[in-house]
Structures are given as structure tokens and as C-alpha cells.
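Below you'll find the structure, written out as C-alpha cells, and then a few comments.
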């Protein structure tokens, strides 16, 4: 194994100042593009040349300490909770934020409660925190972040928290759209898959509530069915299916729906004749299942609009109008 | 939309010092657990109580500037390049690093060349950079990071770069294992899917080379077939299939393999009779395809061992022995 070299060789702004024959403060003014300080074009060119020659990269944290603000946008999200739908959206958001001069990082920590999470995020002193799962940004968590100087808090959430800029995203709607469709197709005993994986409850509970709301206004009943994202768990659920007496299932998302679809078929249970199956997210492979999977598509606001909103909040200018996330049924042959 | 409060309300270590009646330096010694400075238990308790009362969270970057080291472990990886296999591994790695007192963040930036990427990562002054895709840590990129003071560079890679601690991960093996299996089953005209998505070339090229190596030692030929991760692209490839005259395909990974499997079947091409299909990653749904998908499973080293290695490099102690990533064939009915 190769040896990692000692960090003592690292280049600092003092090295750049020495080579350019200017003060360290001048290096900082030039590299951080501080407008408040006048630096001649010749000096600026000398500093930039010295920085280039030494391979000096400005230090985002030091810059943020000096400037009193950071350019870090923190997105708390475990890697495994990010589905295929959100991942390319996140990549695009990253590019859009970069266009504004921000660095977006994903913080994958898993914390027992919202405040512990907020403390961990606050340690990095981001300029902004964007919670994809709004319920993690409770009022107390928001307070921890504000006290640490985080100046923009944003969340995709169904209801707003004081001081948090909310992109309306109602997971209740996802469950409601799925249940309405199943009721319209004459199904009356609807199972709703509840993933056992940690961190998904914040999405699964409102989806369940949405289905329950629809059921309460119809003849249908809703039964919560726990399942984890594994073939064994799907097989177990499928084996217990006849005893549950359910004629439809909203399976949390397309990934769980696909697993369950196959497990039901392996048990000789026909889809959609005996059980109608609905997923969510409209992932690429869902239309290719046999039968093709009915799903609920989520239309997220564009990454450019979300990045513009973060930038506006940090600059204290007016944030653009962002349309709410829509839940749209994509009916196919599995239901 | 709720208004984001002004950052001027943020609590600093000066506030903690004032409330505890100690100097700011003492607050720093206590909260950063600096061993070099003696602080009485009574003072320590007073500082901790004041910090708790005010809801003060230490500033990781400020701490790192003072201590001359950061506790940030940066993992460059676009969200969409992280497959189902790697995402839960990453979540576990995050927990293991946290156990050692490090914060792991994913940096999703997409950069045209390795050096531009390294500059962006260096701005955050991480203690360590772990590249899942070893080819992004070129010698020049490593140099940029070292000059910025990053003290541990690690990569999953097939060959080592000077100054980078390498976890052996040979994507050539993945392609070779797939091709050996197809040749052993009597296939002679093997297609290898090359994803058009940016950032996947670093994995796809060595996989192709591995298949070509096996073919060169047998009667088989290998043909690279470009495809993007969409139903349209898979359908196009399937439509062109008869003209390609291929009797087998190694489809980069299980996600592409699943798309292509369905697209081939939609064209009336039977799997495995007319075309044998092999994926990689052994994702959960792969065994549930009709026919179940043959795949190449990658056995990554345990997150605990990788976290221990990062910690050892940062402490300057001996790194543990980490077994290389193995590529293991999981034969099923698609081939």
C-alpha cells in the first residue's frame, strides 16, 4: 500500500503572498473577489499568477470564516434513501447551485432524532440546509441551525415550520392518488406497504394517511403491511397474502412494488386479477414489468428554480414562485 | 412562503465564553477536547453547561483551522452514479466514520477533468478524500489535493497512483468473469453495453477490456454497444439487435441488463435461447426477472475496515489489511 505524504507540504495563502510580493490580506481580497477593497489590476494579475504557479486552491471554510458566510449547501440524505427518481434531480441541482457559486454536499448521517441531526449538520456551518424530507426540519432542529448561523433553511414538506422556506410536497397526495385509482377500479381491501428501513417513515406515514383518508370516504378499508426491501421479506408478505384478504396494494414506491409483484406471482397470485398493484416514482424499469406497473409520478420543481430560491434566500432578494410537487397517476396493466 | 431569519442571531464561542466567565480560548480547549491544555473539571463543566444552555454547536471548519486538521471525509460521487449496491454500503461507511469522529459528505459535482474536480474538492479542505472511482484520482489531481493539505487520499482502483492508498478494485475482472461464463456456455459473439451517461466510462471501459481479454484467448468476439439508461435507448438497441448478430450480452450492470432484457423480449428475441444476458451488482430485483438475471456480484471490503483505514492514515498508524474487492459470478437462467 502506498504511503500517504505528510500534510506539511501544503500550500497556504502566505506562500502565494510571498511569491507575489504582497500582503496575505491582499491575496485574500483578490482570491475571494472582495469588492470592498481596491486592488490594482497589476497586483491582481500578480496574485492570480502566483496562485496558479503554486497550485493554490482557496479554502472555502477559511473564506467563509473571513467573509462571515459559507458557500456550502448541505443536503441531509442517506445514500440508500435516494431513489432513482431523486438522484438525477440531485445531480442537476448540484450543477445549478455551482452556477451560483455554491458547493452542495450530501450528508448521509442517520440520527435518532431531528435535533441530533441538526447538530451534526450545524457543525459544518453551511450557508443553507435543504431537507428533502421536511419532517427532519422540526422547529427545534431549525433553531439549532439558526443559532449556528445557517442563514437559509429549506424543506420539501407538507406543512411549513416557522423560519423554514417550504417547497410544498405532500406525500399524503401520493397515497391519496393511488387509493383513489384503486377505489375507482372497484377495489375495496387495500394494503399499504410500510418499509421497515429506517428513514423512510417520514414518507411512508403520510402516504398511508392519504390512502386512509380516501378509504374513509368510500367503502374501502386500508391495512398497513410492513415489508423490508429484500426478496425474503417480499416472499414472506406474499405467503401471508391469502390470509390478509386484500385485493389491492399500494406498495410505497416502484422498487417495493416490483419486488412484491414478483413475489405475489411466485405464490401463484395473479396481478391484477387477484391483486392490483400500484407503485410510486415512475422509475424507468416499471413500465417493463409483466404486467407493466401502475405508478404515481412525482413532478418535482426544476433544479434551476430550487437553486434560484436558495440563492435568493442567501442574498436576501425575492425568491421565485415555485410550483408545488404534483402527484400524477400513471395507469398501467398492474391495477 | 416563510421568511428566513437573519443570521445575526447566531451563537458564537464568544457568547459561551461570556456566560461561563472564561476566555474564548478556554471554550475552544474544552469543546474541542484539546489534550495539550489543562482545564479544571469545574471550568470544563461550566463551559459545557453554558454551551448547552445557549445551544452552541462547535464549528467544524473553525476547529479544523485552529487544530490544523479537519474531520471531514469527502467522497466524490454523483448521486445518480451510485447504484443500489453501493448506497447501503455508503450509509454504513458513514456510520463507521462517525464512530471515529469523522463527518462524511458526498460531493456530487460533475467535472470535465480530474484536476478541476480535485480543485473543487480541495476547497472544502477535507482531511481525507475517498474516490470510489479510482481513475478520478490521477497523479495531478492527487497533487492538487496534497497541496491543499488533504492528508489522506484513498481510492478504489485497479492500479495505484503515487501517494494514494489504493483498495484494489479491478473492474477488468467484472467484465472477465462475465465473458468467461458466456464463453463457457458456448456463446461466441458477445456484446458489451457501454452506458452513454457521463461518469460511468471509468467503470465501463475496464469492464469492456476484461471481456475483450477473455475473447482474445477464445473463439469469441466482443462488440461494444452504446446504450443510455432509458426505455427508448434500450428499445433502439433491441431493434438493431438482429443486425448485430450477437448471441450474448454483458450489459454493464443489472439496471441496464434489466432494461435490455425487457426490450429484447418486446422485440420477440428470446432470452437466453437467442441471446444470453449477464448483468453486474446482484441487485435485489435481478433474481426476480423473467428469466432470473445472471449477474456478477462485487464483494466490497467492509465499511468498518475502510473506516479503520481512513482513521489509521489520518493518525499515522498502521492501516489494516483490506481484502481486494472480488467479482463473483451468480449464474441464473438468463444466460
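Protein chains in written order, with full-length UniProt numbering: chain H, 1 to 335; chain Z, 1 to 335.
Using N, Cα and C, we set each Cβ at its ideal position, and we do this for glycine too.
- Per DSSP, reduced to three states, the secondary structure at residue 107 (chain Z) is strand.
- Put simply, the segment 303 to 311 of chain H touches the segment 93 to 106 of chain H. At least three CB pairs are less than 8 Å apart.
- Uninterrupted beta strand (DSSP E) stretches at least 3 residues long and entirely within the segment 215 to 254 of chain H occur at 221 to 227 and 248 to 250, given in chain order.
- Distances from the alpha-carbon of residue 244 (chain Z) to those of Z:151, Z:137, Z:142 and Z:222 put Z:222 closest.
- It is roughly 28 Å from the alpha-carbon of residue 57 (chain H) to the alpha-carbon of residue 317 (chain Z).
- Residue range 189 to 195 is occupied by the beta strand (DSSP E) that includes residue 190 (chain Z).
- Contacts with chain Z at 7 Å (Cβ-Cβ) include residue 123 (chain H).
- Linking residue 246 (chain Z) to residue 287 (chain H) through their CA atoms gives a straight-line distance of about 26 Å.
- The residue from H:254, H:188, H:88 and H:328 with its alpha-carbon nearest to that of residue 274 (chain H) is H:188.
- Taking 7 Å as the cut-off, the Cβ atoms of residue 276 (chain Z) and residue 295 (chain Z) do not count as close.
- Inclusion of residue 134 (chain Z) and residue 172 (chain Z) in the CB contact set at 7 Å is not warranted, their separation being larger than that value.
- For residue 143 (chain H), the chain Z residues whose C-beta falls within less than 9 Å of its own C-beta are 55, listed in chain order.
- It is roughly 7 Å from the alpha-carbon of residue 228 (chain Z) to the alpha-carbon of residue 234 (chain Z).
- The C-alpha of residue 315 (chain H) is placed about 58 Å away from the C-alpha of residue 180 (chain Z).
- If the five residues before and after residue 208 (chain Z) are omitted, its C-beta is found closer than 8 Å to the C-beta atoms of 175, 192, 194, 222 and 224, all from its own chain and listed in chain order.
- The distance from the Cβ of residue 78 (chain Z) to that of residue 110 (chain Z) is about 6 Å, consistent with a contact at the 8 Å cut-off.
- Among the residues facing chain H, residue 193 (chain Z) is not included, as its CB has no counterpart in that chain under 7 Å away.
- If you draw a 10 Å sphere on the C-beta of residue 232 (chain H), you find fewer than 16 other C-beta atoms in it, and that means exposed.
- Residues of the segment 93 to 127 of chain Z with a Cβ closer than 8 Å to any Cβ of chain H, in chain order: 94, 95, 98, 103, 104, 105, 106, 107, 108, 109, 110, 119, 120, 122, 123, 124 and 125.
- Straight-line measurement puts the Cα of residue 131 (chain H) at about 25 Å from the Cα of residue 284 (chain H).
- Of the candidates Z:298, Z:257 and Z:119, the residue whose Cα lies closest to the Cα of residue 177 (chain Z) is Z:298.
- Judged by beta-carbon spacing, residue 303 (chain Z) lies beyond the 7 Å limit of residue 333 (chain Z), meaning their Cβ atoms are not closer than that value.
- Close partners of residue 259 (chain H) in chain Z (Cβ separation under 8 Å): 284, 285 and 288.
- Assignment of beta-bridge partners to residue 165 (chain H) by DSSP yields H:154.
- Contacts with chain Z (Cβ-Cβ distance below 8 Å) from the segment 146 to 163 of chain H involve 146, 147, 148, 149, 150, 151, 152, 153, 160, 161, 162 and 163, listed in chain order.
- Of all residues in the segment 11 to 29 of chain H, the ones placed with a Cβ closer than 7 Å to any Cβ belonging to chain Z are 11, in chain order.
- Nearest in C-alpha terms to residue 162 (chain H), of all of H:26, H:137 and H:168, is H:137.
- Between residue 20 (chain Z) and residue 50 (chain Z), the beta carbon gap of about 4 Å places them in contact (Cβ cut-off 8 Å).
- With distances taken between CA atoms, residue 10 (chain Z) lies nearest to H:122 out of H:43, H:122 and H:324.
- Contact annotation: residue 70 (chain H) and residue 125 (chain H) have beta-carbon atoms nearer than 7 Å.
- For residue 58 (chain Z), the neighbours in chain H by C-beta distance under 8 Å run, in chain order, 123.
- Taking C-beta separations shorter than 6 Å and ignoring five residues to either side along the sequence, the partners of residue 46 (chain H) in its chain run 20, following chain order.
- Listed by position along chain H, the residues whose Cβ is nearer than 9 Å to that of residue 231 (chain Z) are 284, 285, 287 and 288.
- The closest CA to that of residue 198 (chain H), considering only H:146, H:108, H:236 and H:330, is found on H:108.
- Neighbours of residue 171 (chain Z) in chain H, taken as residues whose beta carbon is under 8 Å from its own, are absent, since the nearest beta carbon is some 20 Å off.
- Collapsing the DSSP output to three states places residue 132 (chain Z) in coil.
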